[in-house]
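A.B. asks: Heads up: take any position in the sequence shown, counting from 1, add 9, and you land on this note's numbering. Beta carbons: idealized from backbone N, C-alpha and C, even for Gly. Note that the structure is a prediction, hence the values are computed from the model and not measured. Below is a structure I'd like to ask you about.
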Amino acid sequence: MGIILLALVGLYLLVSLGVVIGAVAYARKAGKSPKRWGWSAALVMYLIPFWDWIPTVAVHQYYCATEAGFWVYKTPEQWKKENPGVMETLVANTGAPSRNEQVDDGHAKTKVFILNDRFNWIVTQQDFSNVLPIIRSEQKVTDTKTNEVLARYVDFGTGNSVKNTVGPPGPLKFWLHSGHCNRGGQNQDALRDFRNIFFGEQK
10 MGIILLALVG LYLLVSLGVV IGAVAYARKA GKSPKRWGWS AALVMYLIPF
60 WDWIPTVAVH QYYCATEAGF WVYKTPEQWK KENPGVMETL VANTGAPSRN
110 EQVDDGHAKT KVFILNDRFN WIVTQQDFSN VLPIIRSEQK VTDTKTNEVL
160 ARYVDFGTGN SVKNTVGPPG PLKFWLHSGH CNRGGQNQDA LRDFRNIFFG
210 EQK
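Here it is in C-alpha cells:
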C-alpha cells in the first residue's frame, strides 16, 4: 500500500509540473503574465488534494480544546457505597456480547457492549460533517438499572470517516491522519481502566 501511495504521489507531482509548465507556455504565447499563470496553475493543483487540510486541522484543534476529555461522574467507591454488596454478585459476560446500530445513512454507529447484568460500555463514532474528514468518538460506562453515566470519554480523530474508510477522505489522504486529540490516547486508556473495574467476576 505504501509503495502504491508513493507512486500515486509521484505521478500527481509529475502531472502538476506538466500543468504548470503548460500554463506558463500558454501565457507566453498569449502575451499574458507567465508568472501569474504559473502560480495560479500551481495553486489549483495544490488545492485539488489539499483544500481541506487547513480547515480540518483548525476544526480538529477547536473541538479538541472545547469538547474532548475524560470525566468521572461517580467513582467506583461511591457506586459501591450506594449499592452495597451488588458489585460482589456481578458476573462478567464472556466476550462482552454487543449490540450494533448504524444511523444517519452510515455516518454514525453505536456499539453497546453488555459487560454484565448491571453495566454497559457504549462506544459511539460519528462523522463530524459530510465535508471534513473528522470523526467524533464517545465512550461511556452506564448503569443499566438507573441509566446513569458513571464515566465518559470524548475524542476527535481526522483523516477518515465512519461511512467511508477506503477512498478519500480515507487512507489516501494520509497527511490528514490524526488518531486522537492531545492526551486522547491517555483518556481512552483511563476510560477502559475505569470500565474494567465494573466487569464483574470472570467465570
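Who are the near neighbours of M96 in its chain, counting only those whose CB is closer than 7 Å to its CB and skipping five residues on each side?
C.D. replies: Around M96: K89.
A.B. asks: Would a C-beta distance cut-off of 8 Å place V121 and S138 closer than the cut-off?
C.D. replies: For V121 and S138, no; Cβs fall outside 8 Å.
A.B. asks: Smallest Cα separation from N191: which of G166, D202, Y21?
C.D. replies: Ranking G166, D202, Y21 by Cα distance to N191 puts G166 first.
A.B. asks: Are the region 54-73 and the region 141-151 touching, with three or more C-beta to C-beta distances below 8 Å?
C.D. replies: Short answer: they touch.
A.B. asks: State the start and end residues of the unbroken beta strand (DSSP E) segment that holds D126.
C.D. replies: D126 -> no beta strand (DSSP E), and no H or E assigned at all.
A.B. asks: Starting from Y71, trace the beta strand (DSSP E) both ways and give me its first and last residue.
C.D. replies: That residue, Y71, is in no beta strand (DSSP E); its alpha helix (DSSP H) goes 62-75.
A.B. asks: So for S187, helix, strand or coil by DSSP?
C.D. replies: It is a strand residue.
A.B. asks: If you drop the 5 nearest sequence neighbours on each side, which residues of the same chain put their C-beta closer than 7 Å to that of Q211?
C.D. replies: So the qualifying residues of the chain are A101.
A.B. asks: Taking just the CA atoms, how far does A50 sit from A36?
C.D. replies: Between A36 and A50, the C-alpha separation is close to 11 Å.
A.B. asks: Pull up the CB-CB distance for A160 and F208, whole angstroms please, since I reckon it's below 8 Å.
C.D. replies: Wrong, their Cβ atoms sit about 14 Å apart, outside the cutoff.
A.B. asks: In the DSSP assignment, find the unbroken beta strand (DSSP E) run with D223 in it and report its ends.
C.D. replies: In the structure as shown, the chain starts at 10 and stops at 212, and residue 223 therefore has no counterpart that could be examined.
A.B. asks: On the three-state DSSP scale, how would you describe Q135?
C.D. replies: The answer is strand: DSSP assigns Q135 an E or B state.
A.B. asks: Work out the CA separation of T98 and R201 for me, nearest whole Å.
C.D. replies: Looking at the two C-alpha atoms, the distance is approximately 21 Å.
A.B. asks: DSSP state of R108, grouped into three classes?
C.D. replies: Residue state, collapsed to three classes: strand.
A.B. asks: Let's test the definition: count the other Cβ atoms within 10 Å of the Cβ of S42 and tell me whether it reaches 16, buried, or not, exposed.
C.D. replies: S42 should be labelled exposed.
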